[in-house]
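Reviewing the structure listed below.
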Amino acid sequence: MMKETISVNSQKMELLRKDYPILHQSVHGSPLVYLDNAATSQKPQLVIDEINRYYTEINANIHRGAHYLASMATAAYEESRTFISEFIGAKHSHEIIFCSGTTEGINLIAHSLGRAVLKPGDEIIISAMEHHSNIVPWQLACEYYGAKLKVIPMSEAGELDVDAFAKLLSEKTKIVSIVQVSNSLGTVNPVKEMTGMAREAGAYVIIDGAQSIPHMKVDVQDLDCDFFVFSGHKALGPTGIGVVYGKEKVLEMIPPYQSGGEMIESVSFEKTTFNKLPFKFEAGTPHIEGGIVLGSALKYLSSIGLDEISAYEQELHGYQEKLLLEIEGLEIIGTAKQKASLTSFLVAGIHPFDLGALLDQMGIAVRTGHHCTQPVMDFYGIPGTVRSSLAFYNSYDDIERFVTALKKAISMLK
Amino acid sequence: MSNDKRRSMKTIEEKQLEIIEEFSFFEDWMQKYEYIIELGKELPLIDPAFKTDDNLIKGCQSKVWLHAEKDEAGHIHFSGDSDAIITKGMVALIVRVLSDSSPEDIVQSNLHFVNEIGLHQHLSPTRSNGLASMIKQMKLYGLAYQAAQ
């Protein structure tokens, strides 16, 4: 893929870059090139303005006040919930539970679903490429209920072994929790197929969508998963807000996670009854501004079009991997056939931290380290990688600046 | 060896000023980092016998090994290593400043040179390269040897 072949789509995408004020600055004297989108996305002006508008015009506590501001804030919060349910193809808006992010979301599910279904001897299946936040909550649940954690192996290319997964499934399998897009390898997993297999075995299925939601169209009814979890801040929204989608039937069946105000119907010292969905899972005053503005961020994403975003990011990704592979001694870690716009790599004889430190001096923001997936690093026997993760507001120019800087860093370190 | 001897005569403050002067000749970040990388490559490193898990300071990003021993004069001699070359260069600078000083001087030291040569970001705990923990560990050795006196 040559730069000369830039498509109409990419020209349109490059125009969107002006929506991101943070990108138009210098870092250590060089123009900022932000390639750490898998860690967090940057925010368009519209999102920044909406945060401001919330506090300037409608801030109030929701769901209780009888005054004007309370009803404005409540309406905005609930409209956002409805939009998010449509955005991911949920059947009902009350299947959308606001939480602080993917980590809290998985903890909520591990706690509440765990309490409802786990017994000693049961099994939970995760994959070899999970983020620590989709490993540790399940380890704790296993320890607490006497269940066993099973891990779907992956190939050298970083693809899950679906046949091995079929063999792991049994009547003991109660929960399967897998990542849709790996944050350290970029692999896009066949989650629809795997969900089907797990459901046939009678297991509940959770999909970690932290890395997929800003990059591809997600339809939870089509996936037929029981839960889908994602973070707002990776999808142009504010930090501290995220979503747990859960099927109505399952959310009705499992007990609450946190308790307190808002999540109750009536409280006496003898007996408390819980509020209906989704409030049963939303104790206390929520992150109101975050919930509202996440809706605005996802509306913006959807106005650009997830299919167009995917197509452009794949173009950029192809260009990035092509240029990287021309560098002597550079090895891409994670070479699955289906990858999101994310590349982890190492250069022979050079520690990833050193590359990251020098790239930073040249204004290039990449992530280095184990990316909270230590088992993946152990699998490859490496201390970490350098990771460049793209978003649709990146440009061909960003990639060229990055590769030029990388070559300079390598020559300094060799 | 004679070089080491000469250094050991200097105070921590003198050694810091010496480094600040060396760095004042660099015109841009590249020269500065090239020098640190050179230091990392040259550093007479830790004796492999001391490169043990006991001496390992785990950073999130790079590993640092630190070994301490006391000589007859009661000074603490440090040696260190890292798996990342820039971290190793920084280890070399910090070891050069603190090594062969008295436990009291190490405990009371204030490593202002790092700030003045514009490399303070490497000592930030968020940088997770193990250097901030290494300095803390060096001071703990100082305290321990002080207590043992």
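Same order as they appear, the protein sequences are chains A and B.
Plus 56 on top of the position in the first sequence (first one is 1) and you've got this note's numbering.
Plus 38 on top of the position in the second sequence (first one is 1) and you've got this note's numbering.
For glycine and all other residues, C-beta sits at the position ideal for the given N, C-alpha and C.
Small disclaimer: the values here were computed from a predicted structure and weren't measured.
- Nearest Cα to Ile57(B) within the set Gln69(B), Arg134(B), Ser140(B): Arg134(B).
- Apart from sequence neighbours up to five positions away, the residues of its chain that approach His343(A) with a beta-carbon distance below 6 Å are Gly296, Ile297, ordered along the chain.
- In this structure Glu107(B) is exposed. Its beta-carbon is surrounded by fewer than 16 other beta-carbon atoms within 10 angstroms.
- Within chain A, not a single residue places a beta-carbon under 8 Å from that of Thr90(B); the smallest gap is close to 18 Å.
- Note: Trp103(B) is bridge-paired with Leu94(B), Asp119(B) in the DSSP secondary-structure output.
- Taken atom to atom, the span from the alpha-carbon of Asn245(A) to that of Val235(A) is near 7 Å.
- For the region 438-450 of chain A, residues whose beta-carbon sits nearer than 8 Å to a beta-carbon of chain B comprise Pro439, Gly440.
- Secondary-structure assignment with DSSP links Ile383(A) through no beta bridge to anything.
- Scanning its chain for C-beta atoms nearer than 7 Å, with the 5 sequence neighbours on each side dropped, one finds around Gly419(A) the residues Ser82, Val83, His84, Ser86, Pro87, Leu88, Val89, in chain order.
- Residue range 204-208 is occupied by the beta strand (DSSP E) that includes Lys204(A).
- Assigned with DSSP and collapsed to three states, Ile466(A) falls in helix.
- Runs of alpha helix (DSSP H) with 4 or more residues, each lying fully within the region 238-313 of chain A, are found at 247-256, 276-279, 304-309, listed in chain order.
- Under the 7 Å criterion on CB atoms, Phe154(A) is classed as non-interfacial with respect to chain B.
- Any Cβ of chain B closer than 7 Å to the Cβ of Gln370(A) would place that residue at the interface, and such an atom is absent.
- If the five residues before and after Ile466(A) are omitted, its C-beta is found closer than 6 Å to the C-beta atoms of Val403, all from its own chain and listed in chain order.
- In this structure Leu398(A) touches Gly242(A) by the C-beta definition: roughly 4 Å separates them, less than 8 Å.
- If you look at Val232(A), you'll find it in the beta strand (DSSP E) that goes 229-235.
- For Lys70(B), the three-state secondary structure derived from DSSP is helix.
- The residues Met272, Lys273, in chain order, have a CB closer than 7 Å to that of Leu362(A) in the same chain once the five nearest residues on each side in sequence are set aside.
- If you ignore the 5 residues before and after Ala220(A), its C-beta comes within less than 8 Å of the C-beta of Ile208, Pro209, all in its own chain and listed in chain order.
- Counting along the chain, Glu321(A) sits inside the beta strand (DSSP E) bounded by residues 320-323.
- The three-state reading of DSSP puts Cys198(A) in helix, counting H, G and I together.
- Beta-carbon to beta-carbon, Arg443(A) and Val459(A) are separated by about 15 Å, too far to satisfy the 8 Å threshold.
- Residue ranges of uninterrupted beta strand (DSSP E) with 3 or more members are absent from the region 72-151 of chain A; none lies entirely inside it.
- Against chain B, the beta carbon of Gln417(A) has neighbours under 7 Å at Trp67, Tyr71, listed in chain order.
- Contact annotation: Ile231(A) and Tyr260(A) have beta-carbon atoms nearer than 7 Å.
- The continuous stretches of beta strand (DSSP E) do not include Ile348(A), which lies in the alpha helix (DSSP H) extending over residues 344-360.
- For Gly156(B), the secondary structure class from DSSP, reduced to helix, strand or coil, is coil.
- In terms of beta-carbon proximity, Ser100(B) lines the interface with chain A, with at least one pair separated by less than 7 Å.
- For Ile144(B), the nearest beta carbon of chain A is not closer than 7 Å to its own beta carbon.
- For the options Gly437(A), Ser287(A), Phe325(A), Glu371(A), the alpha carbon positioned closest to that of Gly351(A) is the one of Ser287(A).
- Per the Cβ contact rule, the region 358-372 of chain A is not in contact with the region 170-186 of chain A (fewer than 3 Cβ pairs under 8 Å).
- Lys223(A) sits exposed, since fewer than 16 C-beta atoms from the chains shown fall within 10 Å of its C-beta.
- Within the region 101-134 of chain B, contact with chain A at the beta-carbon level (separation under 7 Å) is assigned to Asp121, Ala122, Ile123, Ile124, Thr125.
- If you ignore the 5 residues before and after Tyr76(A), its C-beta comes within less than 8 Å of the C-beta of Gln98, Lys99, Pro100, Gln101, Tyr449, all in its own chain and listed in chain order.
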